[in-house]
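Chemist: Heads up: the sequence shown runs through residues 0 to 147, numbered per numbering that gives the first Met the number 0. C-beta: ideal position from N, C-alpha, C; glycine also. The structure presented is a predicted model; accordingly, all values stated were derived computationally and were not measured.
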Amino acid sequence: MRWTPHATVACIIEQDGRFLLVEEMAGGRAVINQPAGHLEEGESFVAAACRETLEETGWHVEPEALLGLYTYRAPSNGVTYHRFCFIARPLAPVDGAVLDDGIIGPLWLTREELEARRNDLRSELVTRCIDDYLSGMRYPLEFIQETA
């Protein structure tokens, strides 16, 4: 069997000191994550980040920078995920948006509120990405070169 990592995207979206997060069901319990998901065939990383955020939060966003590339091996299933994490600006919520199955709903939390709910995090990447954002880490979107 050949090892194949999963390509995923996520967004850090901050407004007035609060971060747009997702409460979702995973492994039979409610967890908190960034809006995130898998890249679809033929889709650019930026387009995937916008789509996943809309599907999971009901918000339109505009990616402004690449936060970083993260590798995570999930202890629950042994799958390795390569996460392209973006910094995005919130544009507007969509009235009556229908969210993906398993999504409980969006949350706007401060870093301190998130820390108080540390046991509810889907993975350690949730706070790691926010902390990297708060430290000023960012790369231009042109860092990613995609061909048609």
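For a quick check, are the C-beta atoms of Y80 and A87 less than 8 Å apart?
Modeler: Translated into the one-based positions of the sequence shown, residue 80 becomes position 81. Translated into the one-based positions of the sequence shown, residue 87 becomes position 88. Not closer than 8 Å, so no.
Chemist: At least one CB of chain C closer than 8 Å to the CB of G77: is that the case?
Modeler: Among the chains of the structure shown, chain C does not appear; only one protein chain is present.
Chemist: Go ahead and label A115 buried or exposed: buried means 16 or more other beta carbons lie within 10 angstroms of its beta carbon, across all protein chains shown.
Modeler: Within the sequence shown, residue 115 is the residue found at index 116, counting from 1. The residue is exposed, with fewer than 16 neighbouring Cβ atoms inside 10 Å.
Chemist: How should W2 be labelled, buried or exposed, when 16 other C-beta atoms within 10 angstroms of its C-beta is the threshold for buried?
Modeler: On the sequence shown, residue 2 is found 3 positions in, with the first residue counted as 1. With fewer than 16 other Cβ atoms within 10 Å, it is exposed.
Chemist: My guess is that G41 and D131 are in contact by the Cβ rule of under 8 Å, so how many angstroms apart are they, rounded?
Modeler: Position 42 of the sequence shown holds residue 41. Position 132 of the sequence shown holds residue 131. That belief does not hold up - the Cβ atoms of G41 and D131 are roughly 29 Å apart, past 8 Å.
Chemist: Apply the 10 Å Cβ neighbour rule to N118 and answer buried if 16 or more other Cβ atoms are within range, or exposed otherwise.
Modeler: In the sequence shown, the residue the question calls residue 118 occupies position 119. Exposed: under 16 other Cβ atoms inside 10 Å.
Chemist: Measuring only from the beta carbon, is R127 closer than 7 Å to any heavy atom that is part of the ligand MN?
Modeler: Here there are no bound small molecules, and the ligand MN is not part of this structure.
Chemist: Does DSSP put R127 in a helix, a strand or coil?
Modeler: Within the sequence shown, the letter at position 128 stands for residue 127. Of the three classes helix, strand and coil, the one that applies to R127 here is helix, per DSSP.
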